[in-house]
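So the structure is just underneath, and the comments pick up after that.
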Amino acid sequence: MTTQTAPPGRQTLEAPPAIRATGLVKAFGPIRAVDDVSFELRPGRIYGLLGPNGSGKTTLIRLLTGMARPTRGRAEVLGVTMPARAVLARIGYMTQSDGIYPGLTVGENARFFAAAYGVRGTEGVRDALHLVDLDGRLDTVAGTLSGGQRRRLSLACALVHRPPVLFLDEPTVGIDPLLRAEFWAHFRALAEGGATIVVSSHVMDEADRCDELLFIRSGKVIARGTGAEVRARAGTDDLEEAFLRLGSDVEATR
Amino acid sequence: MSGRRILAIFRRVAQEIRRDHRSVALLLVVPIVMTGLITFIVREGQTPVVEAVVVNRAGLPGVVVADALRAALEKDGGTATVVADEATARRAIEDGTASVALFLPAGLAQAGPTTLTILTDGLDPFGEAAQASAVQRAILSAVASLTGRALPTIEHTTLYGTPTDDPIAPFAPAILGFLAYFFVYILTGVSFLRERTGGTLERLMATPVTRGEVVAGYALGFGAFATVQVVLLLAWGLGSVSVPAVGPLPPFSVGLGLPIAGSPLLAFLVILLASLGAVSLGIFLSTFARTELQVVQFIPVVIVPQFLLSGILFPVSGLPDILQPFVGLMPITYAVDGLRQVLVAGAGLATPALQLDLGVLAALAVLFAGVAALTIRREVA
Numbered sequence: 027m028t029t030q031t032a033p034p035g036r037q038t039l040e041a042p043p044a045i046r047a048t049g050l051v052k053a054f055g056p057i058r059a060v061d062d063v064s065f066e067l068r069p070g071r072i073y074g075l076l077g078p079n080g081s082g083k084t085t086l087i088r089l090l091t092g093m094a095r096p097t098r099g100r101a102e103v104l105g106v107t108m109p110a111r112a113v114l115a116r117i118g119y120m121t122q123s124d125g126i127y128p129g130l131t132v133g134e135n136a137r138f139f140a141a142a143y144g145v146r147g148t149e150g151v152r153d154a155l156h157l158v159d160l161d162g163r164l165d166t167v168a169g170t171l172s173g174g175q176r177r178r179l180s181l182a183c184a185l186v187h188r189p190p191v192l193f194l195d196e197p198t199v200g201i202d203p204l205l206r207a208e209f210w211a212h213f214r215a216l217a218e219g220g221a222t223i224v225v226s227s228h229v230m231d232e233a234d235r236c237d238e239l240l241f242i243r244s245g246k247v248i249a250r251g252t253g254a255e256v257r258a259r260a261g262t263d264d265l266e267e268a269f270l271r272l273g274s275d276v277e278a279t280r
Numbered sequence: 014m015s016g017r018r019i020l021a022i023f024r025r026v027a028q029e030i031r032r033d034h035r036s037v038a039l040l041l042v043v044p045i046v047m048t049g050l051i052t053f054i055v056r057e058g059q060t061p062v063v064e065a066v067v068v069n070r071a072g073l074p075g076v077v078v079a080d081a082l083r084a085a086l087e088k089d090g091g092t093a094t095v096v097a098d099e100a101t102a103r104r105a106i107e108d109g110t111a112s113v114a115l116f117l118p119a120g121l122a123q124a125g126p127t128t129l130t131i132l133t134d135g136l137d138p139f140g141e142a143a144q145a146s147a148v149q150r151a152i153l154s155a156v157a158s159l160t161g162r163a164l165p166t167i168e169h170t171t172l173y174g175t176p177t178d179d180p181i182a183p184f185a186p187a188i189l190g191f192l193a194y195f196f197v198y199i200l201t202g203v204s205f206l207r208e209r210t211g212g213t214l215e216r217l218m219a220t221p222v223t224r225g226e227v228v229a230g231y232a233l234g235f236g237a238f239a240t241v242q243v244v245l246l247l248a249w250g251l252g253s254v255s256v257p258a259v260g261p262l263p264p265f266s267v268g269l270g271l272p273i274a275g276s277p278l279l280a281f282l283v284i285l286l287a288s289l290g291a292v293s294l295g296i297f298l299s300t301f302a303r304t305e306l307q308v309v310q311f312i313p314v315v316i317v318p319q320f321l322l323s324g325i326l327f328p329v330s331g332l333p334d335i336l337q338p339f340v341g342l343m344p345i346t347y348a349v350d351g352l353r354q355v356l357v358a359g360a361g362l363a364t365p366a367l368q369l370d371l372g373v374l375a376a377l378a379v380l381f382a383g384v385a386a387l388t389i390r391r392e393v394a
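Protein chains in written order, with our numbering: chain A, 27 to 280; chain B, 14 to 394.
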């Protein structure tokens, strides 16, 4: 299953990290949604943030996209400390909810987000809609699309400005296996084009499509590595089992 | 601030409203129906018909008075029936065969002030007040005919020449301003709430768009629709086009034909400034709502006090002292006053009162826009 992974991390070490978290903490009152997280993520790779609901994946993504300010620590994207508005033009963000305007057509939605990102010209819009196979439905009102089509439009809206860094918050929730496979093929193609992609998921069977996994539990990164590495460390072939074992270690040492 | 991004948001808002046929109907058709209905009721409302029962405790003089009273009431289509006693009169009111019972006191013929008592059922205060004043008029007219002395009549003229026989004239400007404000608030509030709950605002904030650009784009988008609405409303309110009889239809006129003293353009400016304030208010209040229903639930909190305290229905001068300070806090007060200044008093830009209204409306629009921008939360300005 790991045959399609990009070159191992060692070979890409020369490239500067696209995303860097340093001692990142986000506290909501006494609760630490993100608890002292540090990592570096490199271009051209797909990183999977894996963890149960409420483990802090979305908060972590919000810190990295500058949608929230860290309580402590630092989040950097493309060498700039977040939050920073200027960097936003180079980040693609697909939210958990579709985040598209149901009253607008497919084309209007994509063009609106392109304009919001400050994109001139129509190529980005055309390519993004072509990628998700919606270029034949430009004039369809988004509210009348099927759930899967809406998800595809949502992805396209995150791609209209050809971002070098892409955050996808549970992009494949509620879509059928066929579309899911399609999405992963898109992600892989974008990564091969040099993009840094962070995908959050609580579905373990998607993990092997990522180049590297970050297991998130109670706001902490409890394990990091390729699927094979994580399996070896946990001493099991089953990722779900590995997640549980690694997680219980953390719980025990707390 | 980037003009292109503001324009993109403006276009987005306009596209969405245009496809939302119900909102378009709400903005454009409903105010016309409402003002039409209000005008029709106020202009064509019926004078109450008095059906009186009279209890005569004054003996012979009372019979004469009762006769004169009957003659006066019948002139206006009313009736007056003399009944034997108070119990009968009360029963007549109770079962609805009479609208007013009038008691002529024993000392009626004596010199000095006299008090006549009337009795109504007390269920319909406005209607019964009208009944009471109709009875009062009939009594005056009866006294006049008995004494043979004609009573003086009052001729009412106004400083600005507003016709006193068209009750809607001073009332209409307020209604126009209020409706524009109200509908723009509702539409913006719901629209922005959808933006917040639908995840599009979160997504928009993940782009380089600034909060100011969002508010400016919204103000432009809904301002444009407010413009269309206001132009239509003013044309409807001020215009009067006679349509000749076609086939079985009788001739009728389209438009309310309200008399105006000032410039329609200035009236438009007043309403537009008020509407821009309503856009920001809608954005601001959508922060405190979780559902569209809650936006509607803010109406009693935000809109009704403005309706009551801005002099639309109840004259400001008639409000209790304790409420007076609040009048100045209501944005609609300035819209209503400004419209009256323009449409009724014929004020121009040189009129200080209008300058104050325009200034306050503009300041409120800017202030609310700033507050609205602050409610759009993001770490990146």
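Each residue gets a CB set at the ideal place from its N, CA and C atoms; glycine is no exception.
Please read these numbers as outputs of a predicted model, since none were measured by experiment.
Supposed close pair F297 of chain B, T388 of chain B - CB separation, criterion 8 Å: 6 Å
Could you give the distance in angstroms between the alpha-carbon of L114 of chain A and the alpha-carbon of L90 of chain A? 11 Å
Look at the alpha carbon of L159 of chain B and the alpha carbon of E64 of chain B, and state the distance between them as a whole number of angstroms. 22 Å
Is the shortest distance between the beta-carbon of V222 of chain B and the beta-carbons of chain A less than 8 Å? yes
Collapsed DSSP secondary structure at S227 of chain A in the structure displayed: strand
Can you grab the Cα-Cα spacing for the pair V337 of chain A / G236 of chain B, in whole Å? Residue 337 of chain A lies beyond the stretch modelled for chain A, which goes from 27 to 280, so this question has no answer here.
Selection from A:I201, A:E196, A:G82 that minimises the alpha carbon distance to A53 of chain A: A:G82
Counting C-beta neighbours from all protein chains within 10 Å, is the total for N135 of chain A 16 or more, i.e. buried, or is it exposed? buried
Kindly confirm or deny that the region 276-293 of chain B and the region 194-203 of chain B touch, where touching means at least three C-beta pairs closer than 8 Å. yes
Separation of F269 of chain A from E208 of chain A, as counted between CA atoms: 26 Å
Give a yes or no on whether the C-beta atoms belonging to R176 of chain A and I242 of chain A are separated by under 8 Å. no
Kindly indicate which residue of B:Y347, B:S204, B:T364, B:Q354 has the alpha-carbon position closest to the one of L377 of chain B. B:Y347
Proximity below 8 Å, CB of I345 of chain B to CB of Q307 of chain B: no
Is there a Cβ from chain B that is less than 8 Å from the Cβ of F138 of chain A? yes
Listing by chain order, which chain B residues have their CB less than 8 Å from the CB of E134 of chain A? R25, Q28
Rounded to whole angstroms, what's the CA-CA distance from V95 of chain B to G75 of chain B? Just pull it up for me. 10 Å
Among A:E66, A:I57, A:S172, which has the Cα closest to the Cα of P42 of chain A? A:E66
Going by DSSP, name the residue or residues bridged to N69 of chain B. B:L117
With distances taken from CA atoms, which of B:G190, B:I284, B:A163, B:R31 is nearest G324 of chain B? B:G190
Thinking just about the alpha-carbon of each residue, which of B:A38, B:A97, B:T52, B:V62 is nearest to the one in L200 of chain B? B:A38
So that I know if they touch, is there some Cβ in chain B lying closer than 8 Å to that of I248 of chain A? no
Other residues of its chain near G49 of chain A: CB distance less than 8 Å, five sequence neighbours each side excluded: D62, V63, S64, R98, G99, R100
Starting from the beta carbon of T121 of chain A, find every residue of chain B whose beta carbon is closer than 7 Å, and list them in chain order. G212, E215, R216
Quick one: list the residues of chain B neighbouring L130 of chain A, beta-carbon separation under 9 Å, in chain order. R25, Q28, E29, R32
So, using beta-carbon positions, are L185 of chain A and Y73 of chain A closer together than 8 Å? no
Can you give the beta carbon distance from L352 of chain B to V340 of chain B, rounded, assuming they're within the 8 Å contact cut? Actually they are not in contact, since the Cβ atoms of L352 of chain B and V340 of chain B sit about 16 Å apart, beyond 8 Å.
Given that D231 of chain A touches chain B, what residues does it touch there, using C-beta distances under 7 Å? Result: empty, since nearest Cβ-Cβ is about 26 Å, beyond 7 Å.
Would I242 of chain A pass as an interface residue toward chain B - the criterion being a Cβ-Cβ separation below 8 Å? no
Residues bridged to I117 of chain A (per DSSP): A:V191
Would you identify the three-state DSSP class for F65 of chain A, choosing helix, strand or coil? strand
Could you spell out where the beta strand (DSSP E) holding I312 of chain B opens and where it closes? I312 of chain B -> no beta strand (DSSP E), and no H or E assigned at all.
Cβ of A115 of chain A less than 8 Å from any chain B Cβ? yes
Is it right to say A85 of chain A is buried, meaning 16 or more other beta carbons lie within 10 angstroms of its own, or is it exposed? Residue identity differs from the one stated: residue 85 of chain A is Thr in this sequence, not Ala. Answer is buried; the Cβ neighbour count reaches 16.
Less than 8 Å between the C-beta atoms of E196 of chain A and S227 of chain A, yes or no? yes
Of the choices B:I152, B:V68, B:D350, whose alpha-carbon is the least far from that of L164 of chain B? B:I152
Tell me L76 of chain A's beta-bridge partners as DSSP assigns them. A:S227, A:F241
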